[in-house]
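Encoded as structure tokens, the structure appears first; notes follow it.
4 protein chains.
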Amino acid sequence: MRARGAAQGRVGRTHRLDEAAQRDFKYTLGPYADPVLEVAPGDRIVVETLDAFGGRIRLESDRPSEILEMPFGNPQNGPIRVEGAKKGDVLAIYIERIVPRGDQPRGTTCLINELGGLVGTDVTAMLNDPLPEKVRKVVVDENWVYWSDRLRLPYEPFIGTIGLSPQIDSISSLVPASHGGNMDLPETRPGNVIYLPVRAEGAYLFLGDVHATQGDGELSGNAIEHPSETTIVVDLIRDWQINWPRIESEDRIMSVGSARPMEDAARIAYRDLVEWMADEFGHDRLEAYMLLSQCGRVRLGNMVDPNYTLSAGIEKQHLFGNV
Amino acid sequence: MRARGAAQGRVGRTHRLDEAAQRDFKYTLGPYADPVLEVAPGDRIVVETLDAFGGRIRLESDRPSEILEMPFGNPQNGPIRVEGAKKGDVLAIYIERIVPRGDQPRGTTCLINELGGLVGTDVTAMLNDPLPEKVRKVVVDENWVYWSDRLRLPYEPFIGTIGLSPQIDSISSLVPASHGGNMDLPETRPGNVIYLPVRAEGAYLFLGDVHATQGDGELSGNAIEHPSETTIVVDLIRDWQINWPRIESEDRIMSVGSARPMEDAARIAYRDLVEWMADEFGHDRLEAYMLLSQCGRVRLGNMVDPNYTLSAGIEKQHLFGNV
Amino acid sequence: MRARGAAQGRVGRTHRLDEAAQRDFKYTLGPYADPVLEVAPGDRIVVETLDAFGGRIRLESDRPSEILEMPFGNPQNGPIRVEGAKKGDVLAIYIERIVPRGDQPRGTTCLINELGGLVGTDVTAMLNDPLPEKVRKVVVDENWVYWSDRLRLPYEPFIGTIGLSPQIDSISSLVPASHGGNMDLPETRPGNVIYLPVRAEGAYLFLGDVHATQGDGELSGNAIEHPSETTIVVDLIRDWQINWPRIESEDRIMSVGSARPMEDAARIAYRDLVEWMADEFGHDRLEAYMLLSQCGRVRLGNMVDPNYTLSAGIEKQHLFGNV
Amino acid sequence: MRARGAAQGRVGRTHRLDEAAQRDFKYTLGPYADPVLEVAPGDRIVVETLDAFGGRIRLESDRPSEILEMPFGNPQNGPIRVEGAKKGDVLAIYIERIVPRGDQPRGTTCLINELGGLVGTDVTAMLNDPLPEKVRKVVVDENWVYWSDRLRLPYEPFIGTIGLSPQIDSISSLVPASHGGNMDLPETRPGNVIYLPVRAEGAYLFLGDVHATQGDGELSGNAIEHPSETTIVVDLIRDWQINWPRIESEDRIMSVGSARPMEDAARIAYRDLVEWMADEFGHDRLEAYMLLSQCGRVRLGNMVDPNYTLSAGIEKQHLFGNV
């Protein structure tokens, strides 16, 4: 049972947003670019995403610092205009399927100067010398990420960056915030629904940055980045006031916070969850607060982006009762 | 002596950007709006700024939550296009003069829900009840801010928000970051020069949010906000790679950092200052680092905006030697 | 297989540290109190712990602010002196069994002024009014925590506070740090081994604060606090230089960090894990760093104590390879 | 006029706590060591302090990592027992005079691994290589710190570490917290009074770590450390409930906060100042909050210790009115 039931009923038209149709990938999420696609609530969209490096890192001998040119990182598909969406609505995006695409080795991860959880960065500014740059190319198929001769990791793909246009700002695709964006949250995976607040007329959905697998925190700054074919179904929910992204899986609801320091991301997510429990499921706010102290679950998305992202969730059996 | 000597030589044309010429005040700093004025390097601009509330808070009985409508806070003049400015240049802005304007009591400060250094906010999310809203209107003239029957504070005006367009993002006028923006730094005051990195063709300068006086940190979220007539002279410096705003006074150079947590703002500012000392004044980096441990000076701008801002500076006598 | 094999071989003597033997519970972890028990490496100890309130909150109508008197919070059993332990050793503590004890309803959780993840505190100092105080008493047995008529949560007990004496400091039992302490980490549960650095002669082990269950972050400041009978087996590992607590389960190794802001706790834990992987399991440091970016797992202990605590771990199959 | 008038009336006996009388310098502040001196309220004490390295760094070719042995850093004089002091009192310490002592070059500063505001540390844990170690020895007299051939800095000495014993903890002399400790705050200088909350019977005063001069933040981890002869006068104030250190100068009152992240230090200091203004000077709390937004002043002590320290103050003319 879905709490909201959106984006999972009868599916409308199926659109294909392939690389050719996208043409110009986007590097900010905002209301200023023209839509590349217009869809109706209920429609399915099959999206060809690029990897976070725009496919430009091809060899383990490549040097990211020579190839990548900021602010053109993390290319996004979109904006996708959703008919009838207006400020105050919520866009529900059901993630139906993610498969890898492109030539092998199609997976890429790397160490980039001033990016990563255990190095000085442009804001956690240090005088220490940077780590050496480093590129790893790995084979990825629909079952496994082949990390090394001795180790393979399950293919557990998710959308690293997904968000809607702010009302008037245009936010770098590298940034996660209340509009969604570069959250790097493994829960934005097939089978789940993400709810995003609509702030601009037409919603203007952007997505990209699909990860083949990722550890909590995306520690060294990159996951297994890879080009994908990602299928979503979008739907509109009217009259639902939400301020931050929310995610729903088969057995759990989750609120998402993105901020620095990391405790503020946790505060955002948990307060939003308390309010969600109170407003829609009839919990008393203080009782919900105390209950989450017993059974809330936190998942760290990233500890490397301009904001850190995590989700705070509760199992539906705890939300609705199990006795 | 100015380290850079910019924006203080022979002044070119004088332009007037009054309310009528500005017409639509701006709420994001980006490359997407058309310039309201075009100037040449060396030109003077007399700007009529609104207060941070767009003049909409008129009475002490007003309720900010009913009057202010986000994201339309902190209206900015601009964009002002600077002829010939291109990515990689630096725009030097000499602040020549600030005087108050408008009907008395023309100064406004207030308590706004979820804004302030000692209250829960949208990101430092709390369950506690908010403080009551509160508005203070105060008389401001060119000498004093008349706080109460018993207390007046010197009129020490400065520009709360000043910044250039990012290359592709468009950033809310409420946010301070590497482009400048809502820094609330008392050092952006008459007599000083602020250096900002040009990232978009034409620089696209925005400014507003002039404060009649302000405490360190802008503790309750607002200073004495007031409409002003602000006079600046702009100049271009070619081939100077800076990443964050820098400020120069008669006797001091200062680097500016904006980030959360606050220590990252301090790290940004101090590292930039180390690099400035090394690159332009011949100091050894580690010697500069150790010297600042003995005579660096920090000024806290705000502890209430989406990023906190502070400056780290050194006296020129310590920079150049005094023996 | 245990990476270290400690504390799980032939067990020595069994000691009982019941309430009477403990007599004076301790509120700081340090070298200044006399041991209440002396054991040899390999010995088993059955410990009667009090709940975090020293059993003083008995009724839902109790007011914590009238009952609790700081700094006497979170009473600890100990110090337990371990024969032969000296600075530079590691104490391995295998957690064998935890069962609840005491009269029903033996579980307690409550809202305390200036404690909790979504309220202002003594350090995240706010002017907002505090939330109302609130006490919940719940029945706890070896299977369930009976939260309400509609909801029961599995009994998943763990040791909330466990640590060794620092060399010369004496640290409040409310604080988690590199000596262990009030980590509130669900991974210190039956079946797991915790490794702690010995800093004082005799190790001086303290423990208490057993939780019947807890959500990630211990959001409202308290878990289901309850008196327990906790059985541990202690062992010594010589010549193992560790700086922070480490935990080992059947299928995972985990490093623990406690700090503010929360990202520093994550940095501590993840850096320690990188070093553990490099020093003991032959991984290249940078390769380990990149691998954890793909499969590291973070568990948030608390976001409410003087330091925040989390663990960062890796599955043994990923550590040793699975192909 | 002093708000509290303490520690500045008729002075009682003068005691001398020289190196010989101190004998064992202390590395934690707590109630467990025997007093080295007993004084009465009103007494003067002339204290011979060591530098923060215990005088062990003698040459610029010394390597701190080979010489310094943690946790034995920052040696303190004390504990000094104050007759009649009991929990709930406040100890007022008037700093009368500081002069340098010892052989030239008697000033020392250095770069130490994992210490400093622009390097990774044990808690802001990084994988980057450390900076090189570096020692600077400088001549210090009662007028100047002779930094280099071209630069001398004024001798502006202050007490880097001063604090009272906690009730039951014993806190490392490297740590600043609510008991005082390693605050590195230039306002603890001759002419000022520092107020500290008494928590243990006899107060147990510790001090040391005198700096010849220091920049805001003590950026590289050390100021100009030097041995000193420091003269203080102590007094008791009964029935004054304070939770954090407070400082009073001729023209200003200041509250002190020590915490991480830095914004929490600012919140602590500013909230305490609001409460001080309300409780003792008759200000309305919300009016005080708004007034500090116009004229509060922050001074950053350190951004390098286990907690960061800063003060928030207000001029007495603004406190009492100036019209």
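Protein chains in written order, with full-length UniProt numbering: chain P, 1 to 323; chain B, 1 to 323; chain F, 1 to 323; chain C, 1 to 323.
For every residue, glycine included, the Cβ atom is placed at its ideal position computed from N, Cα and C.
Can you find a CB in chain B that lies within less than 8 Å of the CB of residue i?
i: P306(F); result: no
i: W276(C); result: no
i: H15(C); result: no
Would you verify that the beta carbon of residue i is, or is not, closer than 8 Å to some beta carbon of chain C?
i: M1(P); result: Unreliable placement is indicated for M1(P), whose pLDDT of 39 sits below 50; the coordinate value is still reported in the next sentence. Not an interface residue.
i: P245(F); result: no
i: residue 327(B); result: Because chain B spans 1 through 323 in this model, residue 327(B) falls outside it and cannot be assessed.
i: residue 328(F); result: Nothing in the structure corresponds to residue 328(F), since chain F is present only between 1 and 323.
i: Q104(B); result: no
So which residues of chain F does residue i contact, with C-beta pairs closer than 9 Å?
i: A223(P); result: S293 and Q294
Give the single residue among the options whose Cα lies nearest to the Cα of residue i.
i: S170(P); options: E275(P), R136(P), E187(P) and P79(P); result: P79(P)
i: A52(B); options: L174(B), G313(B) and R97(B); result: L174(B)
i: I194(C); options: M290(C), S220(C) and I232(C); result: I232(C)
i: Y289(C); options: T161(B), I268(B), D239(B) and R136(B); result: R136(B)
i: R238(F); options: H318(F), L17(F) and P41(F); result: P41(F)
i: N192(P); options: E114(P), R246(P), V82(P) and T109(P); result: R246(P)
i: D149(B); options: G55(B), H211(B) and V139(B); result: V139(B)
i: residue 326(B); options: R106(B), N182(B) and N128(B); result: Look at the range of chain B in this structure, 1 to 323, and you will see that residue 326(B) is not part of it.
i: G12(B); options: P186(B), V234(B) and E218(B); result: V234(B)
i: V215(F); options: M277(P), R297(P), E280(P) and R56(P); result: According to the sequence shown, residue 215(F) is Gly rather than Val. Measuring from the Cα of G215(F), the nearest candidate turns out to be R297(P).
i: N74(P); options: S258(P), R44(P) and A223(P); result: A223(P)
i: A269(F); options: V256(F), W276(F) and M277(F); result: V256(F)
Counting only beta-carbon atoms, is residue i nearer than 8 Å to chain F?
i: V323(P); result: yes
i: T28(C); result: yes
i: T108(P); result: no
i: H318(P); result: yes
Quick one: list the residues of chain P neighbouring residue i, beta-carbon separation under 9 Å, in chain order.
i: P71(B); result: P166, Q167, I168, D169 and R199
i: L111(F); result: L286, Y289 and M290
Name, please, each residue of chain P whose Cβ falls closer than 8 Å to the Cβ of residue i.
i: R152(F); result: N322 and V323
For a cutoff of 8 Å on Cβ pairs, would you count residue i as touching chain P?
i: L219(F); result: yes
Which bits of chain C does residue i rub up against, with CB to CB less than 9 Å?
i: D149(B); result: G321 and V323
Can you determine whether any heavy atom of the ligand ATP sits closer than 7 Å to the C-beta of residue i, and answer yes or no?
i: V36(C); result: Of the ligands one can find in the structure shown there are none, so the ligand ATP has no counterpart to examine.
Problem - Ordered list of beta strand (DSSP E) runs contained in the region 143 to 182 of chain C, each at least 3 residues - result: Within the region 143 to 182 of chain C, the complete beta strand (DSSP E) runs of at least 3 residues are 144 to 146, 152 to 154 and 158 to 164.
Practice task
Using a Cβ-Cβ cut-off of less than 9 Å, give me the residues of the region 115 to 143 of chain B that come near chain F, in sequence order.
Solution key: Near chain F, meaning a CB-to-CB distance below 9 Å, the residues of the region 115 to 143 of chain B are G116, L118, V119, G120, T124, A125, M126, L127, N128, D129, P130 and L131.
Practice task
Select from the region 255 to 288 of chain P all residues with a C-beta closer than 7 Å to any C-beta belonging to chain C, and list them in chain order.
Solution key: Within the region 255 to 288 of chain P, the residues whose Cβ lies closer than 7 Å to some Cβ of chain C are P261, listed in chain order.
Problem - Near-chain C residues of the region 287 to 302 of chain B (beta-carbon distance less than 9 Å), N- to C-terminal order - result: Answer set for the region 287 to 302 of chain B: E287, Y289, M290, L291, L292, S293, Q294, C295, G296, R297, V298, R299 and L300.
Handout entry: 4 or more residues per run - each alpha helix (DSSP H) lying fully within the region 48 to 124 of chain B
Key = Segments of the alpha helix (DSSP H) lying fully in the region 48 to 124 of chain B: 64 to 67.
Practice task
Mind checking the region 168 to 196 of chain P against chain B and listing, in chain order, the residues whose C-beta falls within less than 7 Å of any C-beta there?
Solution key: Going along the region 168 to 196 of chain P in chain order, one finds I168, D169, S170, I171 and S172 with a Cβ nearer than 7 Å to chain B.
Practice task
Please specify which runs of the beta strand (DSSP E), each continuous and at least 3 residues long, are wholly inside the region 191 to 253 of chain C, giving them in chain order.
Solution key: You should have 193 to 197, 205 to 211, 228 to 237 and 246 to 249.
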